[in-house]
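Remarks on the structure that follows.
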Amino acid sequence: MAYKYLVIVESPTKAKTIDKYLGRNYKVVASKGHLRDLPKSKMGVDIESGFEPHYIAIRGRGETIKELRKLAKKAEKVYLASDPDREGEAIAWHLSFLLNLDRDEENRVVFNEITKEAVKEAFKKPRKIDQDLVDSQQARRILDRIVGYSISPLLWKKIKSGLSAGRVQSTALKLIINRENEIRNFKPEEYWKIPAKFKKGRTKFEAEFYGVNGKKIDLPNETEVKRVMEQLDLEADFLVDHIEEKERRRKPYAPFTTSTLQQDAANRLGFRAGKTMMVAQQLYEGISIKRNTVGLITYMRTDSTRISPAARASATSFISDTYGESYVGAGRKVANQSGAQDAHEAIRPSNVQLTPESIKDSLTRDQFRLYSLIWARFLASQMKDAVYDTIRADIIQNEVIFRASGSRIKFDGFLKIYPSKNDKDNYLPSLAVNDKVKIDQIETSQHFTQPPARYNEASLVKVLEELGIGRPSTYAPTLETLRKRYYVKMVAKRFEPTELGEIVNGVMAEYFPMIVDTEFTAGMENNLDEVEEGKEKWQGILADFYQMFEKDLKNAEDQMEEIEIKDEPAGFNCPECDNPMVIKIGRYGKFYACSNFPDCRHTQPIIKEIGVTCPSCEEGQVIERKSKKNRIFYGCSRYPDCEFVSWDKPVGRSCPKCKEFLIEKISRKGKQVKCSHCDYAEEIEN
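UniProt numbering numbers the first residue of the sequence shown as 1 and each following residue consecutively.
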């Protein structure tokens with residue numbers, strides 16, 4: 001079929017969705033990402049000539065380029081409709097070069113959501129390629145290439161082949177290791193609690209020791225606890241001495257940005273950052289619903305919390321019709337992060353009327369769960385505050401004060417559709433000053449302060465954003481690179497640095513302190529944002545950086561000594577040549593290898609038994625294994641004869657309810673034993 005206009009997008013899914021919205025005069029095709037980039041085999045940047053990049057066609061993309069050129073020649077006009085961000089603008093710019101398009105032509109089309117109305121409106125207002133956006137992306141790409149291709153060869157030479165050092169990656173690694181050092185250096189402090197249960201009539205309620213003689217007192221040791229207990233007469237009445245009742249309001253969360261979506265998807269759904277972005281991309285590009293392909297959410301790479309007036313009005317109408325006028329809020333107004341780009345909106349459903357339940361049959365499980373989260377968060381942001389009645393009562397005897405606190409949801413507001421696990425009533429019985437109550441139960445308990453927790457994906461993304469390190473598109477690939485290089489490993493879904501990661505971080509901190517400095521990295525991000533805003537020239541920013549970086553690089557080349565990562569003795573001999581086996585560090589972690597390498601190339605994985613018999617075959621042992629992404633899982637030692645696998649650690653017992661195997665779960669609240677099949681659960685004493 002003849003066409004007048006050629007439209008080029010990145011992905012086939014996006015092409016399929018948009019094609020349905022445009023008429024027969026349009027042909028929509030996909031470039032499938034970048035077609036031109038810096039060469040892999042060399043730096044590809046001429047530093048002496050003002051950091052001039054040398055771009056080449058990406059290997060294996062020749063046929064795509066040839067086909068696009070052929071299609072472009074037949075078209076009256078070519079529209080470039082790649083994603084509405086820096087990366088998308090750069091793709092359009094490279095396409096313009098490859099297809100020999102007029103740089104001043106208004107052929108760039110952008111839309112924040114892939115709906116019929118948004119797409120058609122965008123094609124009415126094409127613009128020129130934004131060179132500031134292109135320069136910002138180009139500056140980041142060149143900067144990262146200079147850092148990576150200058151430092152990585154040094155690491156190969158001085159430490160181990162296959163290592164890499166990236167700008168954001170190195171700073172993130174430093175944060176992980178700094179946290180690990182905090183944990184190692186942490187000295188626990190003893191403290192005690194005196195929890196009690198009181199009863200008024202038949203009603204019981206909980207309270208906890210607060211202080212003596214009107215003052216709050218800490219209990220650092222058992223001696224202080226005994227002193228308090230000696231003041232009490234447990235047979236006598238206690239008196240309600242003071243009551244304070246208040247109304248507390250809780251504001252709704254702002255709609256999602258990229259980082260808050262990654263954080264909430266990790267905390268609520270257990271998604272990794274990479275998985276969140278992959279599923280979000282699918283929702284953005286389009287899902288087939290009743291034979292119509294629909295883009296379900298707005299663009300998912302954003303650090304803005306802005307909502308369009310039309311989207312706000314649509315949400316208000318839906319909330320009023322579904323939940324009642326009393327739930328309609330003014331809309332949460334949240335200031336964007338410093339340096340946030342406000343080119344497009346927060347992440348929201350493109351049509352709020354498409355409720356998750358109404359389209360559940362058209363979505364995969366992961367798509368449904370993530371869409372439900374985005375849909376609920378957006379609607380919640382436009383709803384009224386939740387309102388709580390809170391009460392605090394001081395209960396006294398012999399000048400010893402116990403304090404009881406309670407709260408009750410008076411009006412659920414946004415919690416109607418976006419609740420959390422902590423949103424539960426905990427209200428006290430009806431109490432009045434001078435009421436008499438009795439002790440029902442009292443105990444003393446010893447505790448110790450805990451070290452800070454290791455970062456998980458959600459908390460690391462949060463701190464990177466707070467420090468201004470990286471941007472929405474960089475978080476997921478940064479975390480993935482740290483795992484791939486075996487600089488970190490995931491233990492109970494948290495980042496633990498490896499020996500290799502600590503060595504690399506030590507070298508970077510000593511010889512390239514500027515690269516791992518959080519303030520410098522955040523400042524560089526702000527400078528690059530100013531390029532995007534047209535306030536700075538990218539060559540000048542790179543020149544200022546390189547002037548400092550070159551000195552560090554020369555010093556490292558002259559002063560850095562080779563670091564030998566010694567192989568650990570394995571304690572047994574090679575089954576093929578009888579030479580001692582050693583433990584080496586490879587791409588996916590540690591493994592056994594023959595010390596007679598390269599004459600003998602025998603290797604074998606390190607098998608770590610957990611002391612549990614396989615619950616499937618009841619013959620093999622459950623062993624700890626690692627996926628290609630360096631994630632720990634558990635399998636049977638008799639694989640492939642037995643294909644038992646579990647992401648969670650089996651504990652060697654059967655569920656008393658359904659007889660399936662029990663697993664160990666670790667969360668922020670500690671360890672818990674749960675059934676792998678039913679809802680049975682039991683707490684573990686920490």
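Virtual Cβ for every residue (Gly too), placed ideally from N, Cα, C.
For residue i, which residues from the same chain have a beta carbon less than 6 Å from its beta carbon, with the 5 sequence-adjacent residues on both sides left out?
i, result
"Asp46", "Glu52"
"Ile194", "Phe209 and Thr444"
"Lys199", "Lys438 and Asp440"
"Gly480", "Strictly speaking, residue 480 in this sequence is Glu, with Gly absent from that position. The answer, listed in chain order, is Gly274."
From the DSSP output, in three-state form, read off residue i for me.
i, result
"residue 689", "Because the chain is modelled from 1 through 686, residue 689 falls outside the range shown and cannot be assessed."
"Pro419", "coil"
"Asp342", "Residue placement at Asp342 is flagged as unreliable, the pLDDT there being 44, under the threshold of 50; the coordinate-derived value follows with that caveat. Coil."
"Asn25", "coil"
"residue 717", "Look at the range of the chain in this structure, 1 to 686, and you will see that residue 717 is not part of it."
"Asn221", "coil"
"Tyr191", "strand"
"Val119", "helix"
"Asn336", "Because Asn336 carries a pLDDT of 47, less than 50, the predicted location of this residue cannot be relied on, and the following value inherits that uncertainty. Reduced to three states, the DSSP call for Asn336 is coil."
"Val622", "strand"
"Asp567", "coil"
"Ile287", "strand"
"Asp440", "strand"
"Ala75", "coil"
"Pro309", "helix"
"Leu373", "helix"
"Lys649", "strand"
"Val352", "coil"
Taking Cβ positions, are residue i and residue j nearer each other than 7 Å?
i, j, result
"Glu113", "Gly295", "yes"
"Gly589", "Lys626", "yes"
"Met277", "Ala476", "yes"
"Glu10", "Ser82", "yes"
"Gln263", "Lys462", "yes"
"Val531", "Lys174", "no"
"Glu190", "Phe448", "yes"
"Phe186", "Pro451", "yes"
"Arg403", "Tyr427", "no"
"Gly620", "Cys600", "no"
"Val109", "Pro126", "yes"
"Val279", "Leu363", "no"
"Phe591", "Pro575", "no"
"Glu525", "Gly468", "yes"
"Ile442", "Met383", "no"
"Lys128", "Glu106", "yes"
"Ala315", "Leu379", "yes"
"Lys251", "Asp385", "yes"
Sort out for me which residues DSSP pairs residue i with in a bridge.
i, result
"His677", "None; His677 has no bridge partner."
"Cys594", "Met581"
"residue 705", "The chain is shown only over 1 to 686; residue 705 falls outside these bounds and no answer can be derived."
"Arg36", "Ala57"
"Leu662", "Cys675"
"Met383", "Val328"
"Met490", "Phe495 and Arg631"
"Asn426", "Ser407"
"Asp46", "Glu52"
"Cys574", "Answer by DSSP bridge pairing: none, since Cys574 is not bridged."
"Tyr5", "Tyr26 and Lys77"
"Asn267", "Bridge partners of Asn267: none, in fact."
"His447", "Tyr191"
"Glu208", "Pro195 and Arg403"
I'd like the list of long-range same chain contacts for residue i, defined as Cβ closer than 8 Å, with 5 residues on each side in sequence excluded.
i, result
"Ala492", "Ile666"
"Ile58", "His34, Leu35, Arg36 and Asp37"
"Arg103", "Ser96, Lys128 and Ile129"
"Leu234", "Ile439 and Ile442"
Taking CB distances under 7 Å as the criterion, tell me whether residue i reaches chain B.
i, result
"Cys574", "Protein chain content of the structure displayed is limited to a single chain, and chain B is not contained in it."
For residue i, which residues in the same chain have their Cβ closer than 7 Å to its Cβ, ignoring the five residues on either side in sequence?
i, result
"Met548", "Met514"
"Phe572", "Met581"
"Arg179", "Pro452, Arg454 and Tyr455"
"Asn579", "Asn573, Cys594, Ser595, Asn596 and Cys600"
### Query
Touching or not, the segment 426-441 and the segment 240-248, by the rule of three or more beta carbon pairs under 8 Å?
Judged by Cβ distances under 8 Å, the segment 426-441 makes contact with the segment 240-248, as three or more pairs qualify.
#### Entry: Touch test, the segment 252-259 against the segment 344-354, Cβ-Cβ under 8 Å, three pairs minimum
Verdict: yes, contact present.
### Query
Would you say the segment 159-171 touches the segment 381-391, given that touching needs at least three Cβ pairs under 8 Å?
With the cut-off at 8 Å, the segment 159-171 and the segment 381-391 do not touch.
### Message
Count Cβ pairs between the segment 640-648 and the segment 606-616 that sit closer than 8 Å; are there 3 or more?
### Response
By the Cβ rule, the segment 640-648 counts as touching the segment 606-616, because three or more pairs are nearer than 8 Å.
### Message
Does the contact criterion of 3 or more C-beta pairs under 8 Å hold for the segment 524-542 versus the segment 125-145?
### Response
Enough Cβ pairs lie closer than 8 Å, so yes.
### Query
Can you find at least 3 beta carbon pairs, one from the segment 556-564 and one from the segment 154-161, that sit closer than 8 Å?
Between the segment 556-564 and the segment 154-161 there are three or more inter-stretch CB-CB distances shorter than 8 Å, so the stretches are counted as touching.
### Message
For the pair the segment 347-361 and the segment 411-419, tell me if three or more CB-CB distances fall below 8 Å.
### Response
Under the 8 Å Cβ criterion, the segment 347-361 does not count as touching the segment 411-419, having fewer than three qualifying pairs.
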